[in-house]
Structure formats: structure tokens, C-alpha cells
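K.L.:
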Amino acid sequence: YPQHPECDGCQFEIKQQDDNKNNYHLHAHVVNSLNCRLEFNSSSNQWKTSHVMSTMMLGPPEEMKREEAVSSLISNIQNLEVHGEEQLIIRTNRGEQIRLERFGKSAPSAVTQNTFN
């Protein structure tokens with residue numbers, strides 16, 4: 001798989017919608033939060049994305065360029081494939097293939113303080 005440095009450090013979260021087993025919500029974050037709906041068509045084995053919505057914060061030019069690339073990637077998703085529950089392969093309608101690795105959420109750090117002083 002070719003390298004996609006614009007995805008480095010970017011977190012993608014895909015959750016199934018409760019009301020329909022073929023509808024999912026995708027959230028990604030670079031500078032802004034990017035959100036869209038994904039719909040799976042089981043007869044064609046293809047995915048369709050809704051318009052990508054974003055918050056409107058301005059960041060450094062290089063981060064905004066990175067965010068534009070991630071938004072374009074999301075907008076062009078054609079196929080999603082899970083490998084061993086540890087990797088997500090995204091294929092776009094432009095022929096790109098991107099491999100993302102699953103990470104576990106870190107446990108929150110303990111917050112302790114002396115309340116008796």
C-alpha cells in the first residue's frame with residue numbers, strides 16, 4: 001500500500017447506526033471535526049458517502065492542506081474492508097488504497113489531589 005502521510009496521526013471512527021445495519025457514521029479529526037454518513041449497498045458491495053460536514057476552525061496551512069486531503073479521501077470512499085480486526089483498508093473511486101491500523105483507546109490518567117490542604 002502506498003504511504004498516505006496525510007492520514008498519519010488522524011483518528012477515524014466508524015460507528016454503525018442503530019436504526020439500519022447498512023448505515024454508519026464516520027468521524028475524523030485533523031484540525032476540524034469531519035463527519036459524514038456511510039451507506040453500504042450489499043448488492044453491489046459498494047459504499048456511498050454523504051456530503052462531508054466540517055467544523056470551521058482555521059489551522060496552520062500545512063495542517064489545512066492535510067485536512068483537505070483527508071476530506072477528499074472520505075468523500076471518495078468506494079469500499080471498506082477489515083483485515084483481522086486490526087486494519088481497515090479504504091479503497092476510493094480514484095483507485096487509491098489506504099491502510100489504517102486500529103488502536104486501542106488509552107485509559108484516562110488518574111487525577112489525584114490532596115483535598116485536605
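The sequence shown lines up with residues 1 to 117 when you count with UniProt numbering.
Backbone N, C-alpha and C fix where the C-beta goes; we use that ideal spot for every residue, glycine too.
1) May I ask which residues mark the beginning and end of the beta strand (DSSP E) holding L80?
2) Just list the residues that DSSP pairs S54 with in beta bridges.
3) Suppose the cutoff is 7 angstroms on Cβ atoms and the five residues either side in sequence are ignored; what does the same chain contact list for N20 look like?
4) Run the CB neighbour count on L58, radius 10 Å, all protein chains shown included, and call it buried at 16 or more, exposed below.
5) Restricting to Cα atoms, I'd like to know which of V70, S72, L73 and R91 is closest to L80.
6) With DSSP collapsed to three states, give me the class of K21.
7) Please work out which residues of its chain come closer than 8 angstroms, Cβ to Cβ, to F12, disregarding the five sequence neighbours upstream and downstream, and give them in chain order.
8) Let me check one thing: in DSSP terms, what residues is L100 bridge-paired to?
9) Could you confirm whether any beta carbon from chain C is found closer than 8 angstroms to the beta carbon of E68?
10) Locate the beta strand (DSSP E) running through E13, then write down its first and last residues.
11) For R94, count the other beta carbons within 10 Å of its own beta carbon; 16 or more makes it buried, fewer makes it exposed. Which is it?
12) Can you tell which of D8, C36, L34 and F40 has the C-alpha that lies nearest to the C-alpha of residue 125?
P.N.:
From the atom records:
1) Here residue 80 refers to the residue found at position 80 when the sequence shown is read from its first residue. Per DSSP, L80 belongs to the beta strand (DSSP E) from I77 to H83.
2) By 1-based counting over the sequence shown, the position of residue 54 is 54. Note: S54 sits in a beta bridge opposite L34.
3) For the purposes of this step, residue 20 is identified with residue 20 of the sequence shown, where counting begins at 1. Result list for N20: empty, nothing under 7 angstroms.
4) The sequence position of residue 58 within the sequence shown is 58, counting from 1. By the neighbour-count rule (16 or more Cβ atoms within 10 Å), L58 is not buried but exposed.
5) Within the sequence shown, residue 80 is the residue found at index 80, counting from 1. Of V70, S72, L73 and R91, the residue nearest in Cα terms is R91.
6) Residue 21 sits at position 21 when you count from the first residue of the sequence shown. Three-state DSSP puts K21 in coil, outside helix and strand.
7) For the purposes of this step, residue 12 is taken as the residue at position 12 of the sequence shown. So the qualifying residues of the chain are L26, H27, A28, L88 and L100.
8) Counting from one through the sequence shown, the residue named residue 100 turns up at place 100. According to DSSP, which records beta bridges pairwise, L100 is partnered with L88.
9) Any reference to chain C falls outside this structure, which holds one protein chain only.
10) By one-based count along the sequence shown, residue 13 stands at place 13. Segment Q11 to Q16, the beta strand (DSSP E) holding E13.
11) Numbered from 1 along the sequence shown, position 94 holds the residue referred to as residue 94. Per the 10 Å Cβ criterion, exposed.
12) Because the chain in this structure spans residues 1 to 117, residue 125 falls outside the shown range and cannot be described.
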